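To keep things clear, I will list the structure first and then write my remarks on it.
Quick look at the structure:
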């Protein structure tokens, strides 16, 4: 039988069958029903088949369950090796429960298995290659179209033939399954073509819009087309699944846009709703079919700190919380739909800076306000400070750097006095502004300036001043005489001059003047004046004889030393005598008969004299004009009389002789009634005067000629003229300014020059001059002049730093067009600035350090210029341009004690006025407390002790806030010295460390180790807070400040009470230092002062180092 016949043996069961039996017999048991007894059969047979047999041996689907070691997987056979046909048969029989007779059935089964094993063994012998090849007939020839292979009992056909005997022609690749072979040629199925039917037609030949892949029959469409036959136009990105395509165009679903529907609509109108210190609220417009919103935010410049929040689609606003104050955040908003995020919408917003803790005005000066505020807890870059007058609404703005202290402050200068200002402070960080804080303050009323007394008489004094700038209600004038009499008067707000009457003659007065606006008062300005001694009055002559005259008068009111009487005869003889202060009558004896006398009398006190009063009197002499006129007209006689009387001094000699010697002139005058015929009682001088004036009155008078002005200044002008020829009594000058003010003065007849004073600067003045004789006037001569412009006054340079200075001046009285300001350095280079007429202040900038400058200011109007006013100053060039304490001020060369400006931490923007003790123990001390007279009440509120009070030159307290800034805001360590004195004793205490904490810690005191001879009273107070009567910080049951009438770092209560009640001897209520004088002695002088510790060991201005107990101080390297 052939090989295939061999395999026909019961195909379904025995092909590739392996039978393996195994009998597992348990030990015999007498109990056949015992659980677990079983019989197993396992048989395996292996038939090796050559690989050339056309039988494919599949892998065994069931792995053998035991570890017999038989290889059962034929798939592992290598090529050209025999394949294994394995027959497997596993039988497991569980013995039934019950009668042991059932074992006979198992024995029958074993017999049947043995029979099956014999049949399989025979099958193996029949299916060997040798047996199969021996039974083949005709195969070995292979139809002449192939080669017979004995080892496989098969033909290897030549190309183009197939079949077991190679008798059938073959088709290429058997038509690849897409056709049938007919005579060696493929008849292809529909849509296939090619020699072996391996190629396939594409639908519609790809419609001309693509390439056909004939191997697969699939169109590879061009990019613009799609579809099975490439007949459809493709949409971009196939609309990204977010729309539908129609003829190449995408129609996007709601919420998407773009050519390919790949983009989500961006949010619209993202805006800030609200901003606080820790929150930003944003909102946006709704969008259809959004899944949710995505908010991202981070501080500007910190992208790595980004945070994201998902917001439900129903919500159109969101509050971002937990933010930092005063910080700018970048916020983005996305729409999210189908997992796609839209383009972001950006918003930059800032949280509000923390508001100021508090703001207040600390000092109100005439031209400045000092404002102070608590720094906010968050950091700021600077403060924007705005201030404006509530009257003029002229707002100004400055940038104030943040202080490192808990508080910041700023002084606004150049303000108008007596004006209320609103001050607003805004914290700024970057471009973000915080919440503004405002406070109002009113500048002080400025004082009247240039107070002067003029036109002081016996009982009046005229006081003038420059008006204040501030709007005021009135001026108040107080005047006090040297004997203590005080009076006070009020004058209008528009006045700048007042005449005080009813003063006491010969008395010194102090005049005070100040301005008032409601409850506000300016500082007092003062001047002094001494009234003139009043003149004797009611001067009378009596009991006149040929050689004596009795003079009497009314006494003066002033206290005087004496009266003095002077009398001069007509021929020039003068005598003088003294009269006691209690007399009011005297007789002048030894006079010449018929002689006219001028008698003067005045009062004296020390070097002061009253005005002189005078009278004329003549000794007796009888003469009859009518009968003796021609007898006495002798030319020589009359000429001598006229000349001696001065009548001819201003006449030509010829005219004087003609007048005096011409009898015809006398006769003519007599005949025209100019000379009366009568008896004349008096001296000959009086007679001649009568005759002379009678004749002159009859004759015509000439006028002054060639009137000119010379030496014109701001308030004066000198005029001169040619004298008249006629005899006159006087010249009269009248001068009128352009504003209509007219004055008139008398000039002696023998003068032809005079100076007009009291003129107004820059004013046109018209001058008239004429001569007078009796009531007769000459014609007037006139001229016009212009006074000079007065220069600016009180030129001052202040607030000088290393590169700047502030120039101020008082404007001139004249009306001007402007100023020319010039400043010049030591090298001769100068700069000039033109300023308007209303300017009174200019800031010099860009100056060189430690250079001496000269500054000139000149006013001008048109082509007219005033004189220059100049001043010199030097820019700061000290060792310490901004001394931080008195020791540095001392190193700058200041050796005398007094008030100095120091700068906190050397910061030029933080000036502080302090009193420096430059002498005690080498100097360099900042004095912060002094008690010496009791004039200042130290029983004050907390606010007063924080800010300070009093006058640094007298009794004062510097202020806790300043002490804190000095001792705690820099690395400098301060030492404390306390000086105590009585009239006969002085002691001191020094502590090597002193520090005051901040206001938050109630200005807690810290002191170091003690040395000195006053005793240690401060260590008891170390570590305790400051207490005042309105702020109790001590540990006593009651307020120590109330019970001990002071303010101090009380504990329970004190060993030192240097701010106690001055002069109080009650126990613990006075100015006490218990270790020295106990609690019942009030120390009359105390002074507390500090300086840097290093200053105590460094020589300053030649100061010697202090030795400490004779030991040399060791310095560790």
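In my numbering, the protein residues as written are 100 to 1216. Quick reminder that beta carbons are idealized off the backbone N, C-alpha and C, glycines included. Just so we're clear, the structure is a prediction, and the values are computed from it rather than from any experiment.
Checklist entry - Which word fits residue 895, buried or exposed, when buried means at least 16 other C-beta atoms lie within 10 angstroms of its C-beta? => result With fewer than 16 Cβ atoms within 10 Å of its Cβ, residue 895 is classed as exposed.
Next on the checklist: For residue 816, count the other beta carbons within 10 Å of its own beta carbon; 16 or more makes it buried, fewer makes it exposed. Which is it?
Outcome noted: Label assigned to residue 816: buried.
Checklist entry - Thinking just about the alpha-carbon of each residue, which of 661, 959, 351 is nearest to the one in residue 937? => result Nearest option by C-alpha distance: 959.
Item to check | Expected contact under 8 Å - CB spacing of residue 622 and residue 546 to nearest Å | outcome: That pair is a contact at about 4 Å.
Next on the checklist: From the DSSP secondary-structure annotation, give me the bridge partner or partners of residue 394.
Outcome noted: DSSP output for residue 394 lists 408, 432 as bridge partner(s).
Checklist entry - With DSSP run on the structure shown, which of helix, strand or coil describes residue 303? => result Residue 303: helix per DSSP, three-state reduction.
Checklist entry - Who are the near neighbours of residue 675 in its chain, counting only those whose CB is closer than 6 Å to its CB and skipping five residues on each side? => result Excluding sequence positions up to five before and after residue 675, its CB lies within less than 6 Å of the CB of 665, all in the same chain and listed in chain order.
Next on the checklist: DSSP has residue 362 in a bridge; who is on the other side?
Outcome noted: The partner list for residue 362 (beta bridge, DSSP) reads 356.
Next on the checklist: Among 611, 565, 581, 698, whose alpha-carbon lies nearest the alpha-carbon of residue 596?
Outcome noted: Cα-wise, what sits closest to residue 596 is 565.
Checklist entry - Near residue 753, which residues of its chain fall below 7 Å by C-beta distance, leaving aside the five closest residues on each side in sequence? => result Residue confidence for residue 753 is low, a pLDDT of 39 falling below 50, so the modelled location carries little weight; the figure read from the coordinates is stated next. Once the five neighbours on either side are set aside, residue 753 has no close Cβ partner at all.
Item to check | Closest Cα partner of residue 1165 within the set 244, 1000, 1145, 490 | outcome: Comparing Cα-Cα distances from residue 1165 to each of 244, 1000, 1145, 490, the minimum goes to 1145.
Checklist entry - Smallest Cα separation from residue 983: which of 967, 1029, 1008? => result Residue 983 has its Cα closest to that of 1008, out of 967, 1029, 1008.
Next on the checklist: Assess contact between the stretch 447–458 and the stretch 518–526, defined as three or more Cβ pairs (one per stretch) separated by less than 8 Å. Is contact present?
Outcome noted: In this structure the stretch 447–458 touches the stretch 518–526; the number of beta carbon pairs closer than 8 Å is three or more.
Next on the checklist: Taking DSSP's pairing of strands, which residues face residue 1077 in a bridge?
Outcome noted: Per DSSP, 1088, 1187.
Item to check | For residue 471 and residue 536, the rounded distance between their alpha carbons | outcome: Looking at the two C-alpha atoms, the distance is approximately 11 Å.
Checklist entry - Any Cβ of chain B within less than 7 Å of the Cβ of residue 1070? => result Here chain B cannot be found, since the structure has a single protein chain.
Checklist entry - Sorted by chain position, which residues of the same chain lie with C-beta nearer than 8 Å to residue 763's C-beta, five sequence neighbours on each side aside? => result Only weak support exists for where residue 763 lies, its pLDDT of 43 falling under 50; the coordinates are left without a value.
Item to check | Terminal residues of the beta strand (DSSP E) in which residue 922 lies | outcome: For residue 922, the enclosing beta strand (DSSP E) has its first and last residue at 917–923.
Checklist entry - How far does the alpha helix (DSSP H) with residue 334 in it reach, from first residue to last? => result Boundaries for residue 334: no alpha helix (DSSP H) harbours it, and the DSSP string shows neither H nor E there.
Item to check | In DSSP terms, what residue 969 is bridged to | outcome: In the DSSP output, where bridge partners are listed per residue, residue 969 has 955.
Checklist entry - Quick one: any contact between the stretch 799–808 and the stretch 868–883, if contact means 3 or more CB pairs under 8 Å? => result The stretch 799–808 is in contact with the stretch 868–883.
Checklist entry - From 434, 1015, 517, pick the residue whose C-alpha is nearest to that of residue 386; which is it? => result It is 434.
Checklist entry - Which same chain residues, not among the five before or five after residue 246, have their C-beta less than 6 Å away from its C-beta? => result Only 255 meet the Cβ criterion.
Next on the checklist: In chain order, what are the residue ranges of uninterrupted beta strand (DSSP E) at least 3 long that sit wholly in the stretch 800–864?
Outcome noted: Fully enclosed beta strand (DSSP E) runs of 3 or longer: 804–809, 816–821, 829–836, 841–847, 852–855.
Next on the checklist: Whole angstroms are fine: how far does the CA of residue 516 sit from the CA of residue 940?
Outcome noted: About 15 Å.
Next on the checklist: Three or more C-beta pairs under 8 Å: does that hold for the stretch 985–997 against the stretch 1009–1022?
Outcome noted: Pairwise C-beta distances place the stretch 985–997 in contact with the stretch 1009–1022, as three or more of them are shorter than 8 Å.
Item to check | Coil, strand or helix - residue 1176 by DSSP | outcome: DSSP places residue 1176 in helix when its eight states are reduced to three.
Checklist entry - How many Å lie between residue 426 and residue 408 at the Cα? => result Their backbone Cα atoms lie some 19 Å apart in a straight line.
Next on the checklist: Between which two residues does the alpha helix (DSSP H) holding residue 1060 run?
Outcome noted: Note, residue 1060: alpha helix (DSSP H), 1059–1067.
Checklist entry - What's the gap between the Cα of residue 467 and the Cα of residue 451? => result For residue 467 and residue 451, the distance between alpha carbons rounds to 31 Å.
Checklist entry - What are the boundary residues of the alpha helix (DSSP H) that residue 1043 is part of? => result Residue 1043 -> alpha helix (DSSP H) spans 1041–1046.
Checklist entry - Does DSSP classify residue 1119 as helix, strand or coil? => result Residue 1119 falls in the helix class under three-state DSSP.
Checklist entry - How is residue 208 classed by DSSP in three states: helix, strand or coil? => result The answer is helix: DSSP assigns residue 208 an H, G or I state.
Item to check | Helix, strand or coil at residue 985 according to DSSP, with G and I counted as helix | outcome: In the structure shown, residue 985 sits in a helix (DSSP, three-state: H, G or I).
Checklist entry - Is it right to say residue 1190 is buried, meaning 16 or more other beta carbons lie within 10 angstroms of its own, or is it exposed? => result Classification for residue 1190: buried.
Next on the checklist: Is the beta carbon of residue 1011 closer than 7 Å to that of residue 1001?
Outcome noted: Taking a C-beta distance under 7 Å as the contact criterion, residue 1001 and residue 1011 qualify as a contact pair.
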